[in-house]
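Take the sequence shown: its letters are residues 1 to 104, numbered as in the UniProt record's numbering. Heads up, the thing below is written out as structure tokens.
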Amino acid sequence: MATCSDVASEYLCIERKQCELLLGIPYGDKVSHVYSPVDYARETHECFVRKYCTGAKTVIFLGMNPGPFGMAQNGVRPVEFRMALQASHRLVLTGTLVSTADFF
Numbered sequence: 001m002a003t004c005s006d007v008a009s010e011y012l013c014i015e016r017k018q019c020e021l022l023l024g025i026p027y028g029d030k031v032s033h034v035y036s037p038v039d040y041a042r043e044t045h046e047c048f049v050r051k052y053c054t055g056a057k058t059v060i061f062l063g064m065n066p067g068p069f070g071m072a073q074n075g076v077r078p079v080e081f082r083m084a085l086q087a088s089h090r091l092v093l094t095g096t097l098v099s100t101a102d103f104f
């Protein structure tokens, strides 16, 4: 990752550090998997941040809420890659989408 010299890089540096800290939480035996989109969708996520996180914004979304309709309440279930690919194409994002089913 690049040095934290611009808004997007600073955001990605902070985000990566937060993800590392979250991995240190002892979840116990009842939690078998912890999904981290910053890991399994790293390329497309970083592309999105570098493309759209270029300056001050009035709104920022923090966190992911799986909810009843899939990751991030976006209606895209982890196995529905056709929909994820359509979103990536519409936003002109590049990168590899990794199946969450294959991530572990």
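Ideal Cβ positions, reconstructed from N, Cα and C, are used throughout, including at glycine.
- [ ] Report buried or exposed for E20, applying the criterion of at least 16 other Cβ atoms within 10 angstroms of its Cβ.
- [x] Burial state of E20 is exposed, judged by a 10 Å Cβ sphere holding fewer than 16 other Cβ atoms.
Task: CA-to-CA distance, S32 to D39, given in whole angstroms - done: 17 Å
TODO: Determine, using beta-carbon pairs with one atom in the stretch 47 to 60 and one in the stretch 22 to 29, whether at least three such pairs fall under 8 Å.
DONE: no
TODO: Could you round the C-beta distance between L93 and F48 to whole angstroms and report it? I think they count as a contact, below 8 Å.
DONE: 6 Å
Task: Buried versus exposed, by CB contacts within 10 Å (16 or more), A2 - done: Unreliable positioning characterises A2 in this predicted model, as indicated by a pLDDT of 46, which lies under 50. The coordinate reading is nonetheless provided below. Exposed, by the Cβ-count rule.
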